[in-house]
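Chains as they are written, first to last, in the numbering used here: chain A, 36 to 637; chain B, 10 to 109. All C-beta atoms, glycine included, are put in the ideal place defined by N, C-alpha and C.
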């Protein structure tokens, strides 16, 4: 059984070796030789890593297509639960007290050990503790969230009479370890690579944290693709024969429990290109549960003076989820929820649910408008709208979306179940990365794009100068020339420092306060009027490599934003000088080639 | 693993500089042909399809060339180059022939 595994070391004990000191500066040329793909013959697996459910999809050599991998209970989906029960029953069965249990096995401990059973943590990955989404999450979670030494959020688990802190990515690592062991057992070969679906709105930090979880779980390579892109691949697999050499534009909309993903994907035979993507992380179908829960609490307070314990809230929350699902097909439902003060019976109608969630549907449509604008795509050019994810079952949402597009454009999957579209997409991508060739799977190519712009701080204006715009196709490279700016303050006794400090940001605005600092880098400068050349290189796995060239020195820094932003500056960096951007960013591909007269006909 | 064809294509892209040389399209090409050529070449040199150490570089070049040509409408430069309607320049014709 793949449920027994060593618990990862909690953060507190790991802190020292991961302090501020380890600078990610590798001098050797190997930093350039990046091979994101594993050696030929390596096996990849597709993982639909949802907030509430996990699905595994892999290539089946006998059937020559992708299939979902059952877990040890022969189910195709595993609930995302990790529990650390301190139970005599487990000790008797030979399990060590500190070993986590995963999936349905963990779900059954929820009401017995609510403080040691974690669920729906995916939305917490890579968040700062003071993020407003953390406070909102805490209101409905039975366990405590705390701050770690990097001010990031951690889950506090009561365990063995002691409190232990787990970062959300540690919990993801436990889940992914389970997934890998499960798949290895079912497929009978080692698995070293994974294709994991994440929300499109994940920042580089959240992606790095997920990759770290995959690394801890034993995957040597993890390719992260967005849920919307995965659903689009599944659409390409499922769609009826399409006239070749006509590009088809689809809008892929995925509403998960705690995210909205939206992307415009151009499908040109076997090339899938994400033209624009947008998302809302931390907001999704689970917010409907919370609204229902608040409605129940209000209703109960009217009924009688019933006291609600935290366990009651948990029962109401999971009851709300059931009612929500039922109302996607039924017009009304009667349901009874067992509470500590007795049974609570209620009747809920779809109309009331839709009234409670009126603004929810409005917010769902925002990313759709956003991607259409960003992809510069006219609504009439979209041939199909692909809906996936549990939340897309709301009849109201379907109506709202179809009213946006003229004619009926909502695509209903023919061959595959639309619940499983994301998993299928991940499975197909994993088969392709494994190098599988089969008559049933076309040799697709997914060209993903940047989720957020990358830029550096221009110290003359104190704004961020964007170097790589969001939705730039990956891999992407750019080069820019910088000029060091001497400090404006009158010269003091200290001579100006011979280093320039460059701050790299991720975000869509020009205000450094609203963007996320990825790295602070420095480079020695001979004199202040000498220019520096800065190159940013983002590969298919979104690894950011920065090259700084000034005078005779060249320096490569691999920016990994994990677990802290990169601080590569030397001791006297405070005396370093800022930079300004001279000349527009130049794409590396244009090696000064002349463009001859050319006409392109439509 | 990469095939000889993939390696040859990468070397060809990296040694070319003008966008239409990289994409091997002519001035008479339609958007259709341009997209199709780009797609076929992308499938050859994209780092997911080819683990050649310079695949990424070649792909970025290919992509930039494709974007440059797609963004422009009509001739960008008229002048000294020999102009023929519909068939591309003499040099391009020769190059085209050598590929066939």
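Cβ-based neighbour list, residue i, same chain, cut-off 7 Å, excluding 5 preceding and 5 following
i                      : result
residue 11 of chain B  : 59, 60, 61
residue 117 of chain A : 135, 137, 141, 153, 206, 209, 210
residue 63 of chain B  : 19, 23
residue 21 of chain B  : none
residue 494 of chain A : 520, 613, 614, 615
residue 338 of chain A : none
residue 324 of chain A : 352, 355, 356, 359
residue 473 of chain A : 99, 100
residue 183 of chain A : 46, 189, 200, 202
residue 108 of chain A : 139
Cβ shell of residue i (< 6 Å), same chain only, five flanking positions each side left out
i                      : result
residue 203 of chain A : 156, 159, 160
residue 469 of chain A : 78, 79
residue 335 of chain A : 341
residue 309 of chain A : 264, 298, 300, 483, 484
residue 119 of chain A : 135, 151, 192, 194
residue 61 of chain A  : Low confidence applies here, because residue 61 of chain A scores a pLDDT of 36, under 50, leaving its location unreliable; read the following figure in that light. Here the set comprises nothing.
residue 173 of chain A : 180
residue 425 of chain A : 320
residue 375 of chain A : 344, 347
Beta-bridge pairing of residue i - partner residues as DSSP gives them
i                      : result
residue 91 of chain A  : A/82
residue 559 of chain A : A/534
residue 378 of chain A : A/373
residue 296 of chain A : A/289, A/314
residue 257 of chain A : A/229
residue 103 of chain A : A/92
residue 589 of chain A : A/584
residue 516 of chain A : A/568, A/617
residue 421 of chain A : A/287, A/446
residue 602 of chain A : A/555
residue 508 of chain A : A/484
residue 646 of chain A : One cannot answer for residue 646 of chain A here, as it falls past the ends of chain A, which runs 36 to 637.
residue 501 of chain A : A/490
residue 74 of chain A  : Answer is none; residue 74 of chain A lacks a bridge partner.
residue 114 of chain A : A/88
residue 163 of chain A : A/187
Same chain only: Cβ atoms within 8 Å of residue i, ignoring 5 sequence neighbours per side
i                      : result
residue 59 of chain A  : For residue 59 of chain A, the predicted model reports a pLDDT of 38, less than 50, meaning its position is unreliable and no value from the coordinates is stated.
residue 26 of chain B  : none
residue 187 of chain A : 161, 162, 163, 164, 202, 598
residue 403 of chain A : 286, 288, 297, 436, 439
residue 638 of chain A : Residue numbering for chain A in the displayed model covers 36 to 637; residue 638 of chain A lies beyond these limits and cannot be assessed.
residue 275 of chain A : 449
residue 639 of chain A : Residue 639 of chain A falls outside the range modelled here, since chain A spans only 36 to 637, and no answer is possible.
Nearest neighbour of residue i, chosen from the options [CA to CA]
i                      : options                    : result
residue 447 of chain A : A/427, A/96, A/439         : A/427
residue 177 of chain A : A/150, A/164, A/188        : A/150
residue 82 of chain A  : A/127, A/96, A/76, A/106   : A/106
residue 503 of chain A : A/542, A/471, A/520        : A/542
residue 569 of chain A : A/497, A/389, A/484, A/615 : A/615
residue 14 of chain B  : B/31, B/53, B/77           : B/53
residue 223 of chain A : A/215, A/85, A/554         : A/215
residue 28 of chain B  : B/46, B/17, B/57, B/41     : B/46
residue 488 of chain A : A/539, A/323, A/460        : A/539
residue 535 of chain A : A/102, A/557, A/465        : A/557
residue 456 of chain A : A/266, A/110, A/255        : A/266
residue 49 of chain B  : A/478, A/313, A/232, A/172 : A/478
residue 567 of chain A : A/537, A/579, A/518, A/580 : A/518
residue 181 of chain A : A/200, A/114, A/175, A/368 : A/200
residue 252 of chain A : A/472, A/272, A/584, A/218 : A/218
residue 231 of chain A : A/533, A/464, A/545        : A/464
residue 573 of chain A : A/555, A/113, A/511        : A/511
residue 168 of chain A : A/506, A/386, A/316        : A/316
residue 392 of chain A : A/410, A/375, A/379, A/431 : A/431
residue 326 of chain A : A/387, A/245, A/268, A/273 : A/387
is_contact[residue i, chain D] using C-beta, thresh 9 Å
i                     : result
residue 16 of chain B : Among the chains of the structure shown, chain D does not appear; the protein chains present are A and B.
Residues, ordered as in the chain, of the stretch 556-579 of chain A that lie near chain B by beta-carbon distance below 7 Å = 574, 575
With 7 Å as the C-beta to C-beta threshold (strictly closer), list the residues of the stretch 386-410 of chain A near chain B in chain order.
-> Those residues of the stretch 386-410 of chain A that come within reach of chain B (Cβ to Cβ, closer than 7 Å) do not exist; the list is empty.
Near-chain A residues of the stretch 49-62 of chain B (beta-carbon distance less than 7 Å), N- to C-terminal order = 51, 52, 55, 56, 57, 58, 60, 62: these are the residues of the stretch 49-62 of chain B whose beta carbon lies less than 7 Å from some beta carbon of chain A, given in chain order.
Interface residues of the stretch 500-512 of chain A facing chain B [CB-CB below 7 Å] = 508, 510, 511, 512
Please specify which runs of the beta strand (DSSP E), each continuous and at least 3 residues long, are wholly inside the stretch 192-248 of chain A, giving them in chain order.
-> 197-201, 228-233, all fully within the stretch 192-248 of chain A.
Closer than 8 Å, Cβ to any Cβ of chain B: which residues of the stretch 464-488 of chain A, in chain order?
-> 467, 468, 470, 478, 480, 481, 482
Of all the residues that make up the stretch 306-318 of chain A, which are near chain B by a beta-carbon distance shorter than 8 Å?
-> 306
Hey, which unbroken runs of the alpha helix (DSSP H) at 4 residues or more fall wholly within the stretch 49-81 of chain B?
-> 64-80
Unbroken alpha helix (DSSP H) runs of length 4 or more, entirely within the stretch 448-483 of chain A: which are they?
-> 456-468
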